[in-house]
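*Asks:*
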Amino acid sequence: MKTVDELRKLREQVRDMTKLREGEQEVRIVVAMGTCGIAAGARETLNAMMQEVAARGLTGVSVTPVGCMGLCEREPLVEVNAHGGRTLYAHVNAEKARRIVCEHVEAGRVIEAWVTRN
Amino acid sequence: MNLFRSHVLVCAGAGCVSSGCLSTEAALIDEIAQLGLDREIKVIETGCIGTCDLGPVLVVYPEGIFYRNVTPTDAKEIAHEHLLKGRIVQRLLYRDPLTSQIVQTYGEMEFFNRQLRVALRNTGVINPEAIEEYIARDGYEALARVLTAWSREEVIATIKASELRGRGGAGFPTGLKWQFTAQAHSPVKYVVCNADEGDPGAFMDRSILEGDPHTVIEAMAIAGYAVGASQGYVYVRAEYPLAVKRLQHAINQARDYGFIGDNIFGTGFRFDLEIRVGAGAFVCGEETALIASIEGKRGEPRPRPPYPATKGLWGQPTLINNVETFANICPIILHGAQWYARIGTEKSKGTKVFAVAGNINNTGLVEVPMGITLRQLVFDVCGGIPGGKEFKAAQTGGPSGGCLTKEHLEISMEYESLLQAGSMMGSGGLIVMDEDACMVDMARFFLDFTRDESCGKCTPCRIGTKRMLEILDRITAGEGREGDIDALLVLAENIKSTSLCGLGQSAPNPVLSMLKQFRAEYEAHIYAQRCPAGVCQALLNFNIVPEKCRGCGLCARVCPTAAIKGKPKELYRIERQKCVKCGVCLEKCPFGAIVRA
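The listed protein sequences derive, respectively, from chains A and B.
First residue of the first sequence? That's 2 in the working numbering, and the numbers climb one at a time after it.
First residue of the second sequence? That's -5 in the working numbering, and the numbers climb one at a time after it.
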């Protein structure tokens, strides 16, 4: 550590280490991981989401498993809380998960075709 | 860097380590690995979170779910249910002691959301052994700014303007201390951190060193720059092995990164740090005794002046501040003196950490703005008294302080008002007593401590505390005499006015303050041979209430000394000579027929 700039550069690199512990994340992705979700492949969905978020270097995004949402028939379910809206996607496999991260989370475009309503 | 979706913080303050958090953590890590979640979930050991009676404690982020009393088996359940399936384990959540409601997250707990954490801002949030986590939360930024852009005078002016006062007990303005040391003429000066925390019940300094050691290192380097010192010492007591270990680890890391050592940030400023481990004498918290101890001499105080700011360690100008004082420095530099001076009251700025212990629901460590009332602190933040009992008194300032009573519940917790009430802020220990506490016994406890810790150098403290203790011993043994109270008062005044250092000058305080607030209790012990709270064993008698006794004989069967006589279906009697006052009969009697008087 020779200069102040080096310290600041290092801080940018390590900021994500504690960011998860500091209040609300800008984007919150929730994957339903009840027994039903897991049976329908939600583990793969969750892993794919994590990988994609990491690969794109997105910050301020949390990926959290939750229990059964009650809509077992349309599992794996993924809820995206981003850009002021709340969107529920049904039948999200790993492939769809990656596209949701890329199009919705990063670019802010909701993928209407996969959204489930009532 | 690998991205983790969840962080599980395991409180590893000394309190939680004693309650077994390390085996809980091991079980958790093991289970996470077995479930194949180890690349998604990160387990982090932190310093003290503050809820010491609830340990082992886990906090799961990003949700902030707070789990308490987690055994290794519970940890496995959390891994399976919460971390894998997202189902919160309800039975391990915290219950509010007043409302009995379940509280899910850290942020919703009254205990946390009423706090304002400045000195403890990182404690319980970061991994104290990972310097990167400290840097991620603006660590070493204050040092970088000060060294590259501030003059020494600006640093001192900022600390003065913040009106920060010494958190070790006396409340001396920190900025002035820095200024005096800076003004002393000498090519060699020292910065010393006083981490010889000895008050029974106080553990904020330990928790800061265990939970956020870098904040102390950074602040000491800033102080070194401001006063013109290039060497620092942290004087820690040997009873704090975990603090010593983590601090040493942090010093090594800081040295590797170049935050201490030669030519820091390329500015040519040099500052290095060493730990000095004290052998655990209470008097070494007194600054001149501490200096003597670092020098390798017997830990005894010497008269002041000269103050350490002009003639301290090895005869050189020395700045001595307490751990908590140092922990406030970096936020003041980063956010400005005005920001800090807006917190607290007119004469006591900022926040204070209190170590709350005794008859209280939430035992632990809390940081609150100065000026909070005693009622808010005891009842709102710390959840009140267990078992629906009455608040009787609170001892502040440890063995050097005094007690506050029910009438003081609305008192503003700050330096001046506590002194006016006959107590003191001290280092922030707060021992809460309920209706079952005997004030004579409490005073005896504290005096026994100071008498034991007196270094023996000056007569008033060495012999005076011994004489006072003898009187209190007699009173609690039921042998109090007419004139005892007056003798205590005279001794106390003489010890206070003639002792050499703060230990002796403050040792009679608990007795004086308890005598003032609870004189009737002392008189009951002396003249009526009665302990109103039923604590002093020698004054205690167990009686059987004839109207309530059904003659079942259970008391006679459980009595370990066969002191209870009688026949079934008839009234039982307790033989005073044989009774050892253990209280088993009272506990076992199904009819509540045995009373303590």
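For each residue, glycine too, the CB sits at the ideal point set by N, CA and C.
Is P66 (chain A) helix, strand or coil by DSSP?
*Replies:* Numbered from 1 along the first sequence, position 65 holds the residue referred to as residue 66 (chain A). In the structure shown, P66 (chain A) sits in a strand (DSSP, three-state: E or B).
*Asks:* Inspect the CB distances between the stretch 198 to 213 of chain B and the stretch 316 to 325 of chain B and report whether three or more fall short of 8 angstroms.
*Replies:* yes
*Asks:* Taking 8 angstroms as the CB-CB limit, is K3 (chain A) close to chain B?
*Replies:* Translated into positions along the first sequence, residue 3 (chain A) becomes position 2. Yes - at least one Cβ of chain B is within 8 angstroms of the one on K3 (chain A).
*Asks:* Given a threshold of 16 other Cβ atoms within 10 Å of its Cβ, counted over all protein chains shown, does N188 (chain B) qualify as buried or as exposed?
*Replies:* What you label residue 188 (chain B) is simply residue 194 of the second sequence in a count that begins at 1. By the neighbour-count rule (16 or more Cβ atoms within 10 Å), N188 (chain B) is buried.
*Asks:* Does any C-beta atom of chain B lie closer than 8 angstroms to the C-beta of P66 (chain A)?
*Replies:* By one-based count along the first sequence, residue 66 (chain A) stands at place 65. Interface residue, yes.
*Asks:* Name the chain A residues that come within less than 9 angstroms of K70 (chain B), Cβ to Cβ?
*Replies:* Taking the second sequence and counting its residues from 1, the one referred to as residue 70 (chain B) is at position 76. Those within 9 angstroms of K70 (chain B) in chain A number zero; the least Cβ separation is about 17 angstroms.
*Asks:* Determine, for G35 (chain A), whether the minimum Cβ-Cβ distance to residues of chain B falls below 8 angstroms.
*Replies:* The residue you call residue 35 (chain A) lines up with position 34 of the first sequence. Answer yes: the Cβ-Cβ gap between G35 (chain A) and chain B drops below 8 angstroms somewhere.
*Asks:* List the endpoints of the continuous alpha helix (DSSP H) containing L509 (chain B).
*Replies:* Counting from 1 along the second sequence, the entry for residue 509 (chain B) is found at position 515. That run of the alpha helix (DSSP H) goes N503 to Q511.
*Asks:* What did DSSP end up calling N355 (chain B) once you bin it into helix, strand or coil?
*Replies:* One-based indexing of the second sequence puts residue 355 (chain B) at position 361. Coil at N355 (chain B), not helix or strand.
*Asks:* According to DSSP, is M427 (chain B) helix, strand or coil?
*Replies:* The residue you call residue 427 (chain B) lines up with position 433 of the second sequence. In this structure, M427 (chain B) counts as strand in the three-state DSSP scheme.
*Asks:* Thinking just about the alpha-carbon of each residue, which of B:Y88, B:L52, B:R89 and B:P56 is nearest to the one in I72 (chain B)?
*Replies:* Your numbering for residue 72 (chain B) matches position 78 in the second sequence. I72 (chain B) has its Cα closest to that of B:L52, out of B:Y88, B:L52, B:R89 and B:P56.
*Asks:* Please name the residue, chosen from B:R89, B:S145, B:I254 and B:V552, that lies closest to C576 (chain B) on a Cα-to-Cα basis.
*Replies:* Counting from 1 along the second sequence, the entry for residue 576 (chain B) is found at position 582. Considering only alpha carbons, the answer is B:V552.
*Asks:* Whole beta strand (DSSP E) runs in the stretch 78 to 138 of chain B with 3 or more residues, listed along the chain?
*Replies:* Listed in chain order, there is nothing to give.
*Asks:* Please name the residue, chosen from A:R16, A:V31 and A:N94, that lies closest to L77 (chain B) on a Cα-to-Cα basis.
*Replies:* Indexing the second sequence from 1 puts residue 77 (chain B) at position 83. When only C-alpha atoms are compared, the closest one is A:V31.
*Asks:* Once DSSP output is grouped into helix, strand and coil, what is the label at N535 (chain B)?
*Replies:* Along the second sequence, read from residue 1 onward, the residue named residue 535 (chain B) stands at position 541. The answer is coil: DSSP assigns N535 (chain B) none of H, G, I, E or B.
*Asks:* What would DSSP say about F585 (chain B), mapped onto helix, strand or coil?
*Replies:* Your numbering for residue 585 (chain B) matches position 591 in the second sequence. In the structure shown, F585 (chain B) sits in coil (DSSP, three-state: anything other than H, G, I, E or B).
*Asks:* Would you mind reading off the limits of the beta strand (DSSP E) that contains N549 (chain B)?
*Replies:* To locate residue 549 (chain B), count along the second sequence from 1; it is residue 555. The question names Asn, yet the displayed sequence has Cys at residue 549 (chain B). Counting along the chain, C549 (chain B) falls outside any beta strand (DSSP E), though it belongs to the alpha helix (DSSP H) covering L548 to V552.
*Asks:* Within 7 angstroms: the Cβ of E126 (chain B) and any heavy atom of the ligand PLP?
*Replies:* Judged by which ligands are present, the structure shown has none, so any question about the ligand PLP falls away.
*Asks:* May I ask you to verify whether the stretch 329 to 345 of chain B touches the stretch 218 to 233 of chain B, counting CB pairs closer than 8 angstroms and requiring at least 3?
*Replies:* Because the criterion of three Cβ pairs below 8 angstroms is not met, the stretch 329 to 345 of chain B and the stretch 218 to 233 of chain B do not touch.
*Asks:* Locate the alpha helix (DSSP H) running through I202 (chain B), then write down its first and last residues.
*Replies:* Residue numbering aside, residue 202 (chain B) sits at position 208 when the second sequence is read from its first letter. M198 to G205 is the extent of the alpha helix (DSSP H) around I202 (chain B).
*Asks:* Helix, strand or coil for Y566 (chain B) per DSSP?
*Replies:* Taking the first residue of the second sequence as 1, we reach residue 566 (chain B) at position 572. The answer is coil: DSSP assigns Y566 (chain B) none of H, G, I, E or B.
*Asks:* Count the other C-beta atoms from every protein chain shown that fall within 10 angstroms of the C-beta of Y521 (chain B), then say buried if there are 16 or more, exposed otherwise.
*Replies:* Counting from 1 along the second sequence, the entry for residue 521 (chain B) is found at position 527. When all chains shown are included, Y521 (chain B) counts as exposed.
*Asks:* Check the Cβ of Y134 (chain B) against every Cβ in chain A and list those closer than 7 angstroms, keeping chain order.
*Replies:* Position 140 of the second sequence, counted from the first residue, corresponds to residue 134 (chain B). Result: L8.
*Asks:* Going by CA-CA distance only, name the one from B:A113, B:N121, B:K79 and B:G49 that's closest to I87 (chain B).
*Replies:* Locating residue 87 (chain B) in the second sequence gives position 93, where the first residue counts as 1. It is Leu, not Ile, that sits at residue 87 (chain B) in the sequence shown. Of the listed residues, the one whose Cα sits closest to L87 (chain B) is B:G49.
*Asks:* Spell out the partners DSSP gives Y90 (chain A) in its beta bridges.
*Replies:* Taking the first sequence and counting its residues from 1, one reaches residue 90 (chain A) at position 89. According to DSSP, which records beta bridges pairwise, Y90 (chain A) is partnered with A:V79 and A:V116.
*Asks:* Is T304 (chain B) near I285 (chain B), with beta carbons less than 8 angstroms apart?
*Replies:* In the second sequence, residue 304 (chain B) corresponds to position 310, counting from 1. In the second sequence, residue 285 (chain B) corresponds to position 291, counting from 1. Contact: no.
*Asks:* Enumerate in chain order the residues of its own chain whose CB-to-CB distance from S13 (chain B) is below 7 angstroms, with the five nearest sequence positions on each side excluded.
*Replies:* What you label residue 13 (chain B) is simply residue 19 of the second sequence in a count that begins at 1. Cβ neighbours of S13 (chain B) beyond the five flanking positions: G49 and P50.
*Asks:* What's the gap between the Cα of A275 (chain B) and the Cα of R231 (chain B)?
*Replies:* Here residue 275 (chain B) corresponds to residue number 281 of the second sequence, with the count starting at 1. Here residue 231 (chain B) corresponds to residue number 237 of the second sequence, with the count starting at 1. Looking at the two C-alpha atoms, the distance is approximately 8 angstroms.
*Asks:* Whole angstroms is fine: what's the gap from R554 (chain B)'s alpha carbon to M436 (chain B)'s?
*Replies:* For the purposes of this step, residue 554 (chain B) is identified with residue 560 of the second sequence, where counting begins at 1. For the purposes of this step, residue 436 (chain B) is identified with residue 442 of the second sequence, where counting begins at 1. According to the sequence displayed, residue 554 (chain B) carries Pro and not Arg. Between the alpha carbons of P554 (chain B) and M436 (chain B) lies a distance of about 28 angstroms.
*Asks:* Nearest to G163 (chain B) by alpha carbon, out of B:A6, B:Y234 and B:Y409?
*Replies:* Against the second sequence, residue 163 (chain B) aligns to sequence position 169. Nearest C-alpha to G163 (chain B): B:Y409.
*Asks:* Kindly say whether G252 (chain B), judged by its beta-carbon, lies nearer than 8 angstroms to any beta-carbon of chain A.
*Replies:* Counting from 1 along the second sequence, the entry for residue 252 (chain B) is found at position 258. With 8 angstroms as the cut-off, G252 (chain B) counts as an interface residue toward chain A.
*Asks:* Compare the C-beta of T19 (chain A) against all C-beta atoms of chain B and say whether one is closer than 8 angstroms.
*Replies:* Looking up residue 19 (chain A) in the first sequence gives position 18. Yes, T19 (chain A) counts as interfacial toward chain B.
*Asks:* Should R159 (chain B) go down as buried or exposed, given a rule of 16 or more other Cβ atoms within 10 Å for buried?
*Replies:* Position 165 of the second sequence holds residue 159 (chain B). R159 (chain B) comes out buried.
*Asks:* Taking H519 (chain B) as the reference, which of B:D428, B:P502 and B:A471 has the closest Cα?
*Replies:* Locating residue 519 (chain B) in the second sequence gives position 525, where the first residue counts as 1. When each option's Cα is compared against that of H519 (chain B), the closest is B:A471.
*Asks:* With a threshold of 8 angstroms between beta carbons, is T142 (chain B) in contact with chain A?
*Replies:* The count along the second sequence starts at 1 and reaches residue 142 (chain B) at position 148. True, the Cβ-Cβ gap to chain A drops below 8 angstroms.
*Asks:* Determine the contact status of L497 (chain B) and E157 (chain B), defining contact as a CB-CB distance below 8 angstroms.
*Replies:* On the second sequence, position 503 is the one that residue 497 (chain B) refers to. On the second sequence, position 163 is the one that residue 157 (chain B) refers to. Contact: no.
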